[in-house]
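Each residue of the sequence shown is one higher than the last, beginning at 777 in the numbering used here.
Have a look at the structure below before the remarks.
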Amino acid sequence: ALNLTADRTAIERSLRQATVARGLGDANVRVNLLFWGPPGTGKTEYARYLASLLDMQLVVKTASELLSMWVGGTEKNIREAFAEAEREEAILFIDEADSFFIDRATAGHSWEMTQTNELLQQMENHKGILVCCTNFLHGLDKAALRRFDWKVEFKALDETRLLAIYSEYFGADREPLTSAQERRLTTLDGVTFGDFRAVMGRFRFEDPKSLDHNTLIAALEEEVAYRKGDGGGKRVGFR
């Protein structure tokens, strides 16, 4: 159900070939991937899936873990993250990567440039698989973008995927959606896996049989409205 701009099969085939080459003694294997798109679209979960597919560990580093208030501390943390991934022969996953790939042409502070330079250098020398994740693409350093073999946009669910995921999560033990309910659901713009997870969390202690489609669709409408800054006010879509 992932809505990607790249061919999943090609990505996974490329990573398998890279791991095979590494196993055959090629010490210069390096694959850098950039996952970008709105929150809740599956970027982190897909990275976990790739690690499982390749039978590798996933070393996850967030911006809060790597950024340091001390001079040189961020650069040191970046170096240690890459060293840990290579030592463990793991996939390195850096979340909130936009915190480090600040465009050096517009950087206002010297430390912004040095941490970008350090990350670019580590990417160049890294022997393994790196996945960087961000909700934003604009404003990233152009030299950083060139270093990614794969730049993959994760989009919100389209109509077909939205209906399939709704059926997977909420279709069991309920009557099929009516045509009006389908229209109401598919006119929602920008629904993500994260919205489904939030709705599931809201109703996790309820008796599933007590929840009808109208209640669940209304909850999805509210999640989308809150995310768009509407505060859960006017509902979106057909009733």
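We put the beta carbon where it would ideally sit given N, CA and C, even for glycine.
What separation, rounded to the nearest whole angstrom, lies between the Cα atoms of A866 and R789? 18 Å
How big is the Cα-Cα spacing for L842 and G818? 22 Å
By how many angstroms is the C-alpha of A873 removed from the C-alpha of A839? 7 Å
Quick one: does the C-beta of Q957 sit closer than 8 Å to a heavy atom of the ligand FMN? You won't find the ligand FMN in this model; it holds no ligand whatsoever.
Minimum C-alpha distance to M845 - residue among Q891, R824 and P814: Q891
For E860, which residues in the same chain have their Cβ closer than 7 Å to its Cβ, ignoring the five residues on either side in sequence? V835
So what's L913 in DSSP terms, helix, strand or just coil? coil
Restricting to Cα atoms, I'd like to know which of L780, D988 and V907 is closest to S943. D988
Which of helix, strand or coil does DSSP assign to F972? helix
The stretch 803–821 / the stretch 919–936 touching (three or more Cβ pairs under 8 Å): yes
Less than 8 Å between the CB atoms is what I'm expecting for F858 and Q898, so what's the real figure, rounded? 5 Å
Any idea if D971 is buried or exposed, counting beta-carbon neighbours within 10 angstroms, 16 or more meaning buried? buried
Residue environment, E900, which counts as buried when at least 16 other CB atoms sit within 10 Å: exposed
Less than 8 Å between the CB atoms is what I'm expecting for R959 and I993, so what's the real figure, rounded? That belief does not hold up - the Cβ atoms of R959 and I993 are roughly 10 Å apart, past 8 Å.
Residue range of the beta strand (DSSP E) that includes N808: R806 to W812
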